[in-house]
Amino acid sequence: MKKLHLFIILVFTGLVITSCSNEDFMMAEPVVSDEVQKASPKELNGEPIFTAVENQPEFLGGVKAMYEHIGNEIHYPKSAQERGIEGRVFVKFIVDKEGNVQNPVILKGTYPEIDEEALRVVSNLPKWEPGKQNGKPVNVYFTMPIVFKLN
């Protein structure tokens, strides 16, 4: 009889632990902006926007120079600093065939003021080397993570 009670207690405990861990997992959904819910445009100025091309767009000076530029331009929002909020913001934008950054949107954000700052910095990026398909410059979607971390 004692073995039966012990078995029932162990099974019950296991079920409780399992149900709690599944609930925590299900609540950990990413934050997605309303803009992602809408379909991304397929054209820019009457020309297609590619998601994959032979030559990807490239920030002049390369990835390291791009993140140095972003690091110099970014201003950590005071409200996020005071609350100790950190995180990674994913910004999707178009590098047009002239190398300009167009239509940045937040794919996954962390905190409204942080998301706004990421959009501001991406919107003000200098020209890029445009992506190319068949040797010709084309419009290309590009997604960039920007990390906000307190020291």
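Under the working numbering, think of the first position of the sequence shown as 5, with each following residue one higher. Ideal placement from N, C-alpha and C gives every residue a C-beta, glycine not left out. Model, not experiment: these values are computed from the prediction.
Cβ of residue i within 8 Å of any chain B Cβ
i, result
"residue 126", "Among the chains of the structure shown, chain B does not appear; only one protein chain is present."
Residues that residue i bridges to, as DSSP identifies them
i, result
"residue 89", "The partner list for residue 89 (beta bridge, DSSP) is empty, contrary to what the question assumes."
"residue 108", "Answer by DSSP bridge pairing: none, since residue 108 is not bridged."
"residue 133", "62"
DSSP state of residue i mapped onto helix, strand, coil
i, result
"residue 71", "helix"
"residue 82", "helix"
"residue 2", "There is simply no residue 2 to check, as the chain begins at 5 and stops at 155 in what is shown."
"residue 51", "strand"
"residue 116", "helix"
C-alpha distance - residue i paired with residue j, whole-angstrom precision
i, j, result
"residue 64", "residue 112", "26 Å"
"residue 152", "residue 140", "36 Å"
"residue 77", "residue 125", "7 Å"
"residue 47", "residue 53", "5 Å"
"residue 145", "residue 56", "8 Å"
"residue 122", "residue 59", "25 Å"
"residue 18", "residue 91", "Because residue 18 sits at a pLDDT of 42, beneath the cut-off of 50, its placement in the model cannot be relied upon, and the following sentence gives the value as read from the coordinates. The straight-line gap from Cα to Cα measures roughly 33 Å."
Contact set for residue i: own chain, Cβ-Cβ below 6 Å, skip 5 residues either direction
i, result
"residue 106", "98 and 100"
"residue 129", "105"
Residues near residue i in its chain [Cβ-Cβ closer than 7 Å; skip 5 each side]
i, result
"residue 62", "132 and 133"
"residue 89", "114, 115 and 118"
Proximal residues to residue i (C-beta, below 8 Å), its chain only, five neighbours per side dropped
i, result
"residue 85", "154"
"residue 51", "101, 142 and 143"
Rounded Cβ spacing between residue i and residue j (contact assumed at less than 8 Å)
i, j, result
"residue 108", "residue 95", "5 Å"
"residue 93", "residue 150", "5 Å"
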